[in-house]
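First up is the structure itself, then whatever we jot down about it.
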Amino acid sequence: MNIIEKLRDIVGERASASPAERLCYSSDASQVRGTPDCVVRPLSTAEVSSVVELAAAEGVPVTARGAGTGLAGGAVPLRGGIVLDLSGMDRIVELDLSNLAVVVEPGVVQARLNERLRPRGFFFPPDPGSAAFCTIGGLIANNGSGMRSVKYGTTRNYVLDLEVVLADGSVVRTGSRTLKAAAGYDLTRLFIGSEGTLGIITQAVLRVAPLPKARRLVIAAFDSAEEAGRTVAATFAAGIVPSACEILDRTTVAVLRRCDPTLRLPDGDVLLFEVDGSEGAAAEAAAEIAALSSTTAASVAVVAGAEEMEEIWAARRLVGAAISRLDPAKSRIYVGEDVGVPIKEIPALIREVSEISDRFGIPAMKYGHIGDGNLHVALFIDVLDDGEWARLAGAADAIHRAAIRLGGTVSSEHGIGAARSEYMNEQLGSSALSVMRAIKGALDPRGIMNPGKLGLDDGPSPGGYG
Ligand SMILES: Cc1cc2nc3c(=O)[nH]c(=O)nc-3n(C[C@H](O)[C@H](O)[C@H](O)COP(=O)(O)OP(=O)(O)OC[C@H]3O[C@@H](n4cnc5c(N)ncnc54)[C@H](O)[C@@H]3O)c2cc1C
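The sequence shown begins at 43 in our numbering and counts up one residue at a time.
See the structure below:
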């Protein structure tokens, strides 16, 4: 009996080895490619457990997949085997709001959870640009975040307990429903950010937060992106922590205006500061940021209207796609796109990225969650030009190394996957990477869980871009 027949014994027709399905699961939103031997769509923890137990017995790789919106090749099966598509496990099991908690399956889409919570006066704060598509399982596995992590933290700060299927098919719970616990190793955090290399998350208990009563948006325009970066550092140094702090460089602003000429954004390199809280606290924080920014900015405005604020945030969420308006002959390629540095190094990072873009002759737009020190660099090329692919790879590599040199990270939120695994040793150091490999060896001795990721093994790399 071959493996597909054994998988069908567990999940019926929800196991497939058709060439069309295998092709559909051979990529995510990155440039990494790898084709699975079969695709399985489980609907319960018991099914996941049986599939993993079978895979362990046969020594077949298992790669978990949520919505496939990852930007590092995390859900791409580099060594073939089984892709476990968890998007069908999408029940919101329980709203336990008196305990500030919700219980969800991993395939729940982030925005759908917030649609359920909003009428009850709560929200799940991690809000990636991909919120309308990405799953809670993918967010936990990547420790994803978004615009409001500067105040509210990342996914890591909102996971109380996980149910995980381990590499031998056994099932563990990692935490508890209490809002705090001091009971040994923090197994919950071990699985957060593990990118499917240690186990499959089949249920999560998440902490949620009450919706703030009021918000304000401060829009400040600067003569240079570096000046904007210095103003972010000065704001933090003054003890002011906004709920969001985003940068849109002047090219990004111009692109957004091409999409919507009525958009109320000023000329220049722009900072968007959002503050929230009670009516009085939000107004006071906005006034403080406006006063501080006005010492360096060319213009400062405070927006209080919910509709205008939403227009600007909606435009911000469009940036990734809007870039194609800059030059229809070129495409944005997601490489070197997620670096982060300590706040005080933001001006240096912005300077280095501009210099790298000039040196390699690859245009770059800069935007992102600058309040976390997280800069999204949008590099774009003519995809039919091999020379541009080669220069793109050089520019992305230089951006990653600049971030590490400045004491930062090659990924603030998109994860390592296969796209950035070559930097793990340089960023973490060989001792820390050895500890990670020891943990991996203990929990997954046969190396079947998402092999080839996080720099944990020395197998074939994704083999370049394109
Ligand atoms: C336009 C766009 C904007 C984006 N903006 C942001 C942003 O602002 N912030 C941000 O953080 N990310 C962003 N991303 C990246 C991406 O959406 C996130 O990384 C997201 O967390 C991935 O979720 P997913 O469900 O698509 O996971 P996938 O891409 O399917 O998988 C991601 C990783 O999680 C693992 N995984 C998935 N489910 C499980 C599970 N149940 N158990 C164990 N492992 C699992 C996979 O093996 C893989 O390693 C963006 C992506 C796009 C395309």
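We put the beta carbon where it would ideally sit given N, CA and C, even for glycine. As the structure is a computational prediction, the values presented were derived from the model and not from experiment.
With distances taken between CA atoms, P168 lies nearest to T196 out of E89, K386, R443, T196. Taking C-beta atoms under 8 Å as the contact rule, L496 and L208 fail to qualify, at a distance of about 17 Å. Between the alpha carbons of G171 and L85 lies a gap of roughly 27 Å. Here D311 is buried. Its C-beta has 16 or more other C-beta atoms within 10 Å. Of the heavy atoms belonging to ligand 1, none sits nearer than 6 Å to the Cβ of N199. Annotation: V118 is outside any alpha helix (DSSP H) and is labelled neither H nor E by DSSP. In its chain, beyond the 5 residues on either side, H418, V419 have a beta carbon closer than 6 Å to the beta carbon of E379. In the three-state scheme derived from DSSP, where H, G and I count as helix and E and B as strand, V207 is classed as strand.
Look at P103 here: in three-state DSSP terms it is coil, with no helix or strand label.
DSSP, read as helix, strand or coil, puts A438 in helix. A straight-line Cα-Cα distance of about 14 Å links N185 and A173.
Boundaries of the alpha helix (DSSP H) around V395: 388-402.
Here G449 is exposed: its Cβ has fewer than 16 other Cβ atoms, across all protein chains shown, within 10 Å. A distance below 7 Å separates the beta carbons of I282 and I331.
With fewer than 16 other Cβ atoms inside 10 Å of its own Cβ, R215 counts as exposed. A distance of 7 Å or more separates the beta carbons of H442 and A114. In the three-state scheme derived from DSSP, where H, G and I count as helix and E and B as strand, Y194 is classed as helix. Judged by DSSP in its simplified three-state form, Q73 adopts coil rather than helix or strand. Under the rule that a run must span 4 or more residues, the alpha helix (DSSP H) segments found entirely inside the segment 418-479 read 428-447, 466-470. In this structure, L221 lies away from A280, with their beta-carbon atoms at least 7 Å apart. Secondary structure at K48: helix, using DSSP grouped into helix, strand and coil. Pairing F264 with T273, the inter-Cα distance amounts to about 9 Å. About 5 Å separates the Cβ atoms of E268 and I392, confirming a contact at the 8 Å cut-off. In this structure, the beta-carbon distance from E147 to R158 does not fall below 7 Å. Residue environment: T239 is assigned as buried (16 or more neighbouring CB atoms within 10 Å of its CB, all protein chains considered). In the displayed model, A251 falls within a strand according to three-state DSSP. Beta-carbon to beta-carbon, I375 and Q73 are separated by about 7 Å, close enough to satisfy the 8 Å threshold. Contact between T177 and L128 is confirmed by a C-beta separation of about 7 Å, below the 8 Å threshold. The alpha carbon of D414 has as its nearest neighbour, out of E95, A437, S453, the alpha carbon of S453.
Scanning its chain for C-beta atoms nearer than 8 Å, with the 5 sequence neighbours on each side dropped, one finds around A225 the residues S218, in chain order. Distances taken from the Cβ of N141 to the heavy atoms of ligand 1 include none shorter than 6 Å.
Following the DSSP letters along the chain, one finds L314 inside the beta strand (DSSP E) bounded by residues 311-319. Here the alpha carbons of G410 and V192 stand approximately 12 Å from one another. A270 is the residue among T294, A324, C301, A270 whose C-alpha sits nearest the C-alpha of K386. Assignment of I282 by DSSP, reduced to helix, strand and coil, places it in the coil class. Using a C-beta cut-off of 8 Å, the segment 347-361 makes no contact with the segment 427-441, since fewer than three inter-stretch Cβ pairs fall below that distance.
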